[in-house]
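S.K.: One structure, as structure tokens, below. Some questions next.
Here you go:
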């Protein structure tokens, strides 16, 4: 007996696959889980025409690069060959190629295992016969159907179902299942496809239960049993549904009765709905009535507005008269002042000339007085000399002593020595005096330098203190921007908010104004600050009462004597002034107004009133600003311009800014803080240098003062010595010995002295007369000067009250202009309101027409309505709420009717379904009882038939055997062991009796002992040669087999 057993492939009748199996087959992710039955067809033909496997071809399948094509006969086919020649590959390919799972082949658990190593995919091509009356879609496929399957390395597969001509008809798995179902091909049935493993399991298994299962599966009794179990499970589930339906029927019946009761309880809603419709009619005409009343009110308001417009016109005319009077008064006062100014200017030259004359006469008088005093001193000296001469003459006359000659010589010698000493002392005095002057000049220069440096130090300290305050404010402003405008501003604003909440303000004051504006161009910050200055810290109030409240609040934060923010009193408006007719314009440069983003109209109007920001241009470049404003005619309505450095430019003047950086409007706070910190450090260093310089100057001044004091002391000592020496010389010179004095000479000298005294006295009298004359002239000139000065002062005194009057008149003119502007704005605002009212009248008239049209649609005839629309609306809402409450408790009539009908229909439908299911269950139970009996009878018949075939086949060979079925315990026992040859003969005899069936048997035997027959085809497979990729394959005839044997 050969080592290996034959593999058997034979079509067998089997049941159509269940729908669940078709559904499972759709899962292409893993074909190992797919289970499909294959059946093969017709049992009434003498020669098979459909479902026959005509050929198979493999590529890269299992360990073979190419196998086939193999052409099979229509009845018995033997595939013979040695081990490794590809018999198992052919059988596996038939199972897999016709949709079988990988597990069913006993060759692997996944399709990817069938792809040859080193290749990406495998292909199977199977050709099925499709001829005769039972052909499947013969008009599409023709006489054969080609099933091509492509298996990828990832385990996925795809199908192509081709016609006889090679045209792809379908790629769907369902189409293949339909074909196999039509041909009744079942590859999972062991009677149809019996693999080596399955035959071993059947023949060598000692487990009678496994044999019984094989019998049940082969006869499809197992499928019938499973179907019966499935139907019984379905019946139980249906019974559960019937029980649930009966419970649901009870609930639906209760709901149906409730809805019927609710439907019967809402009959009273019809009356309320009728009333509601009538109220809607009244409401429609009530709205018309109210619009007519509104129209009448608007017409009355328009009439009142026109009267008021006329009154405003009269007030404007009166205001114009008052303005003309104020301007006339202002002009008269101005003319008077001009006249006084002209008269003052006319007297001013005379006054200046008189003042010059007075000064000259005073100087002449003073000179004369000096000459007189000099002559008086000279006269007094002559009188003293006369007295001394007379006294000396008397002494000489009395003196008779002639013994003093040596003493005189000694005096003469001493006088000479004293004179030399005086000269030396005078030279020394001159030198010391020069040194004193030098030290005085040095001390004065150092003191002047000290004063200058102290003044500079004070200025630097002021600047340092200002910078430190500004630095602190900037640092504080990083957390609170409002502190830029002053340390008390946040607290003041909180106090303003609190006072406004308490109702102390008519309108909440606005400010500081700098916090309410934003720059469009940050480079213009310094220019705008230079223009607005203190207005950036100002506040706006609606009236003077609000101003007084704000002043009282400011007193809490600003002490007396300190500067407070300015308060602007101007009526608050919601719209900004229209300044287009008076605003400056330049195509290249903005005005202050256009350079700012101002959200609050009050802020914009205040800056326009106080600073005229619509007439101020902003020009970044200084030279360009000069060219625009001074080198050519300034733009229309432009009064002035500011540069990016803060310089102010007029048509004929240019003022440089004192500030170098913006304080309030800068956005780059960190950069400013850094610059200020550097500047503070520079100022501190500058102060330290100045203090060091001051210390050096103080030391120099003290040292020079000490030197000066010493020189002055020495100078005074020299002065004293010189004076003493001169006095001693004079005393020595005045001492004359009586003997040496010439009395006559002295008498002549005395006489000359007297003559000289008379001349001096006469001169004195002349000088005194001249001095008195000059004094009279001086007094006369002073009187004239005082008179004209008094006249000019009188004119100034007259001008002062006129100036006050002029200021008052100017204020009055401004007030009258402001009043006129106020009435003009009021008139404009009033006319706008009046026009708005007229437009509103037109709209209301159109609305009235629409409402009347709508009312006629609701209620064609107008009805008298005494109630207002609001009262009717409330009544409608109440009635609606009542209806809604009824609806909430009972529901809408139509809705309830609909719900009632739905509930009734649902109840009847479910009751009908339950009844139908009960009838179905009853019928199903009868059918299943009958079917089970039939199943048992069919199983008994199959058992008897199987035993009959078994006994018949054994008896033909004079063998005996026994086959016992135990359906209760599900066992099958077979006592028979025949050899392979006898089994083969029995197979061939059975095949001969069933020529309409196709048998394919795979065996390693040569099958040379087979009889010659046209029904038998032997396909011999040769061992593949090394490097060969395609195996040669051809049919082997009976004669060739006999020759080889």
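Numbering (the numbering used here), first residue to last: -12 to 1032. We put the beta carbon where it would ideally sit given N, CA and C, even for glycine.
1. Only counting the same chain, and skipping five residues up and downstream in sequence, which positions put a Cβ closer than 8 Å to that of residue 363?
2. Taking 8 Å as the cut-off, does the stretch 218 to 230 touch the stretch 826 to 837 (at least 3 CB pairs, one atom from each stretch)?
3. Please work out which residues of its chain come closer than 8 Å, Cβ to Cβ, to residue 495, disregarding the five sequence neighbours upstream and downstream, and give them in chain order.
4. For residue 360, count neighbouring C-beta atoms within 10 Å of its own C-beta (all shown protein chains included) and say buried if the count is 16 or more, exposed if not.
5. Among residues of its own chain, excluding the 5 on either side of residue 74, which ones have a beta-carbon nearer than 6 Å to its beta-carbon?
6. What number of angstroms, rounded off, separates the C-alpha of residue 530 from the C-alpha of residue 493?
7. In angstroms, rounded to a whole number, what distance separates the CA positions of residue 843 and residue 269?
8. Return the CA-CA distance between residue 451 and residue 786, expressed in angstroms with no decimal places.
9. Are residue 59 and residue 72 close, meaning C-beta to C-beta below 8 Å?
10. Identify whether residue 547 lies in helix, strand or coil by the three-state DSSP scheme.
11. Taking only three categories from DSSP, how would you classify residue 19?
12. Please report the straight-line C-alpha distance between residue 659 and residue 461, rounded to a whole angstrom.
13. With a cut-off of 8 Å on the beta carbons, I'd call residue 405 and residue 716 a contact; round off their distance for me.
14. Would you kindly work out how many angstroms separate the C-alpha atoms of residue 572 and residue 578, rounded to a whole number?
15. Classify residue 133 as buried or exposed, calling it buried when 16 or more other Cβ atoms lie within 10 Å of its own Cβ.
16. Among 119, 161, 114, 173, whose alpha-carbon lies nearest the alpha-carbon of residue 87?
17. Can you tell me where the alpha helix (DSSP H) holding residue 563 begins and where it ends?
18. Residues in the same chain with beta-carbon distance under 6 Å from residue 668, minus the five sequence neighbours each way, listed in chain order, please.
19. For the putative contact between residue 416 and residue 705, defined by C-beta atoms under 8 Å, what is the C-beta separation to the nearest angstrom?
20. Who are the near neighbours of residue 757 in its chain, counting only those whose CB is closer than 7 Å to its CB and skipping five residues on each side?
21. Note down the Cα distance separating residue 909 from residue 924, rounded to an integer number of angstroms.
22. Hey, out of 63, 50, 49, whose CA is closest to residue 999's CA?
23. Residue 157 to residue 903, Cα distance in whole Å?
24. Thinking C-alpha only, which one of 621, 520, 275, 567 is nearest residue 644?
25. Which two residues bound the contiguous alpha helix (DSSP H) that contains residue 169?
26. Tell me the rounded alpha-carbon separation between residue 1042 and residue 110.
27. Which residues bound the beta strand (DSSP E) around residue 84?
28. Can you tell which of 135, 154, 201, 647 has its C-alpha closest to the C-alpha of residue 513?
29. Distance check for residue 446 and residue 641, CA to CA, integer angstroms please.
30. Taking the alpha-carbon positions, what's the residue 803 to residue 479 distance?
31. Quick one: grab the DSSP three-state call for residue 986.
32. I'd like to know whether the C-beta atoms of residue 515 and residue 582 end up nearer to each other than 8 Å.
33. Quick check on residue 176: buried or exposed, where buried means 16 or more other Cβ atoms within 10 Å of its Cβ?
34. Classify residue 528 as buried or exposed, calling it buried when 16 or more other Cβ atoms lie within 10 Å of its own Cβ.
35. Using a threshold of 8 Å, state whether the C-beta atoms of residue 137 and residue 150 are closer than that.
36. Rounded to the nearest angstrom, what separates residue 14 and residue 143 at their Cα positions?
M.R.: Result, derived from the coordinates:
1. Result list for residue 363: 751, in chain order.
2. Contact fails: fewer than three Cβ-Cβ distances are below 8 Å.
3. The residues are 483, 484, 487.
4. Flag for residue 360 reads exposed.
5. When the five nearest sequence neighbours on each side are left out, the beta carbons in the same chain lying within less than 6 Å of the beta carbon of residue 74 are those of 66, 68, 989, in order along the chain.
6. Looking at the two C-alpha atoms, the distance is approximately 8 Å.
7. For residue 843 and residue 269, the distance between alpha carbons rounds to 11 Å.
8. Distance between the alpha carbons of residue 451 and residue 786 is about 45 Å.
9. No, the pair does not count as a contact, with Cβ atoms beyond the cut-off.
10. Residue 547 falls in the coil class under three-state DSSP.
11. Low confidence applies here, because residue 19 scores a pLDDT of 33, under 50, leaving its location unreliable; read the following figure in that light. If DSSP states are grouped into helix, strand and coil, residue 19 belongs with the helices.
12. Cα to Cα, the separation comes out at about 8 Å.
13. The C-beta distance from residue 405 to residue 716 rounds to 5 Å, short enough to meet the 8 Å contact threshold.
14. Whole-angstrom Cα-Cα distance: 7 Å.
15. By the 16-neighbour rule on beta-carbons within 10 angstroms, residue 133 is buried.
16. For residue 87, the closest alpha carbon among the candidates 119, 161, 114, 173 is that of 173.
17. Annotation: residue 563 is outside any alpha helix (DSSP H) and is labelled neither H nor E by DSSP.
18. Contacts found: none.
19. Taking the Cβ atoms as the reference, residue 416 lies roughly 5 Å from residue 705, within the contact range of under 8 Å.
20. Spatial neighbours of residue 757 in its own chain (CB-CB distance under 7 Å, excluding positions within 5 residues in sequence) are listed in chain order as 355.
21. If you draw a straight line from the Cα of residue 909 to the Cα of residue 924, it comes to about 23 Å.
22. Of the candidates 63, 50, 49, the one whose C-alpha sits nearest the C-alpha of residue 999 is 63.
23. If I take the Cα positions, the gap works out to 42 Å.
24. Answer by Cα proximity: 520.
25. Residue 169 -> alpha helix (DSSP H) spans 160 to 170.
26. Not covered by the structure: residue 1042. The range shown for the chain is -12 to 1032.
27. That residue, residue 84, is in no beta strand (DSSP E); its alpha helix (DSSP H) goes 74 to 84.
28. Looking at the Cα atoms, 647 is the closest of the given residues.
29. In a straight line, the C-alpha of residue 641 is about 25 Å away from that of residue 446.
30. Between residue 803 and residue 479, the C-alpha separation is close to 34 Å.
31. Of the three classes helix, strand and coil, the one that applies to residue 986 here is strand, per DSSP.
32. Yes, Cβ-Cβ distance for residue 515 and residue 582 is below 8 Å.
33. Under this definition residue 176 is a buried residue.
34. Burial state of residue 528 is buried, judged by a 10 Å Cβ sphere holding 16 or more other Cβ atoms.
35. Pairing residue 137 with residue 150 gives a Cβ-Cβ distance that is not under 8 Å.
36. With a pLDDT of 35 at residue 14, under the threshold of 50, the modelled position of this residue cannot be trusted, and the question is left open.
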